[in-house]
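Q: Okay, here's the structure, questions in a sec.
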Ligand code: ADP
């Protein structure tokens, strides 16, 4: 079953055509700089045929048209006809309180995606634009929405409520939603296959450590807490995001610079975190290099990142009533042995022991914990596109059943 996965951003559109049965990628590509200067189209198929060239792309509709023409190109066909695509799975960032699972998109769902604009205007607008242009370009092919927030909807109210006046929850739906749900779900399912523990009571913490970083506490397959909140700004400090800080600092920064709310938003989202502290980069590879060369602010940034990770994880171990497995994933989690070592040392009071030799491996699935470790530690490469494709296929199967 071929599923086309679409991740539509404000000026980009990424796609992968995935066979859900054998999990192979038949083609993937990206339309960049849509609607701005010098748009670029990149495409690659499973036979190694590659395109990277400037193309006219004024709208997301243009991007989808170019993608489909390329997939159907008689010289290098990936598919013979659009009928071979069983469904399109769309990444949607914010599902608010409306979506606790992936859905076959209807007009009501589109309205609900619009209702979430308030909290994630750029992403959700772009995601909905992607859905609407695909509906037009591929009539009759099911369009499925897969939400970054949906996996976290099992959190109990004591985990998702903020201590602010209740009417903000009732009237404005201000609460914790959490993000990276497709990634946390994907690696937690894989961990459940790898573990020796009973799935009914299985307690794990998944650590998605990339440019954005979030933690998820999962018990018996259900999320009980997660570190990102109403928006992806909360939690641990990240590449350029400040993470959790005293809320009064937000006001202080605004007053100090006489900044508008949007300017403060930019400072906290784009100029803070590892970049803001190190002054070097938001990219962990650069920061690690600088730290090794003796840059003290780079060293501090890495220590802060790891310390905050351990603090969050310690609180989740308490919330879970113990811990069976820790999973590292995403760019830093899959590759950065220094960060993994620091965090694991911080949890060693639980009897967690890792194999330092295995920890040198990058970008592969590994069991990092030793035989005698009281806590399992897994590195599981995430694959958000495959996760979206699998969830889309699941929705289709359910739909098929409901028509029987
Ligand atoms: P996102 O998908 O959130 O943009 P990624 O999951 O790609 O982010 O992670 C990006 C981060 O992973 C960057 O900080 C990058 O430096 C880090 N990273 C990638 N490869 C390595 C590596 N080999 N060693 C250390 N950090 C790495």
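Numbering (the numbering used here), first residue to last: 3 to 406. Beta carbons: idealized from backbone N, C-alpha and C, even for Gly.
#1: Spatial neighbours of residue 7 within its chain, please: C-beta separation below 7 Å, excluding the five flanking residues on both sides.
#2: In chain order, what residues of the same chain lie with their CB nearer than 6 Å to the CB of residue 213, ignoring the 5 residues before and after it?
#3: Could you pull out every residue in the same chain whose Cβ sits closer than 8 Å to the Cβ of residue 224, ignoring the five residues on either side in sequence?
#4: Give the single residue among 84, 105, 194, 360 whose Cα lies nearest to the Cα of residue 152.
#5: Considering only heavy atoms of the ligand ADP, does any lie closer than 7 Å to the CB of residue 153?
#6: Name the residue from 198, 335, 73 whose alpha carbon lies nearest to the alpha carbon of residue 377.
#7: Less than 8 Å between the C-beta atoms of residue 14 and residue 34, yes or no?
#8: Could you check how far apart the C-beta atoms of residue 355 and residue 368 are, in whole angstroms? I think they sit under 8 Å.
#9: So what does DSSP say about residue 379, is it helix, strand or coil?
#10: So for residue 118, helix, strand or coil by DSSP?
#11: Could you please go through the chain and list the residues whose beta-carbon is closer than 5 Å to any non-hydrogen atom of the ligand ADP?
#12: Just curious, the beta strand (DSSP E) that residue 32 is in, first and last residue?
#13: Near residue 406, what residues of its chain come up, given a Cβ to Cβ distance below 6 Å and the 5 sequence neighbours on each side ignored?
#14: Rounded to a whole number of angstroms, what is the C-alpha to C-alpha distance between residue 89 and residue 292?
#15: To which residues does DSSP link residue 325 through a beta bridge?
A: Once the coordinates are examined:
#1: 17, 18, 20, 91, 387, 390, 391
#2: 241
#3: Cβ neighbours of residue 224 beyond the five flanking positions: 156.
#4: 105
#5: no
#6: 198
#7: Taking C-beta atoms as the reference points, residue 14 and residue 34 count as a pair closer than 8 Å.
#8: About 15 Å; that fails the 8 Å criterion.
#9: Look at residue 379 here: in three-state DSSP terms it is strand.
#10: helix
#11: 212, 213, 214, 285, 286, 287, 332, 333, 334, 337, 338
#12: 26 to 34
#13: Low confidence applies here, because residue 406 scores a pLDDT of 38, under 50, leaving its location unreliable; read the following figure in that light. Around residue 406: no qualifying Cβ.
#14: 46 Å
#15: In the DSSP output, where bridge partners are listed per residue, residue 325 has none listed.
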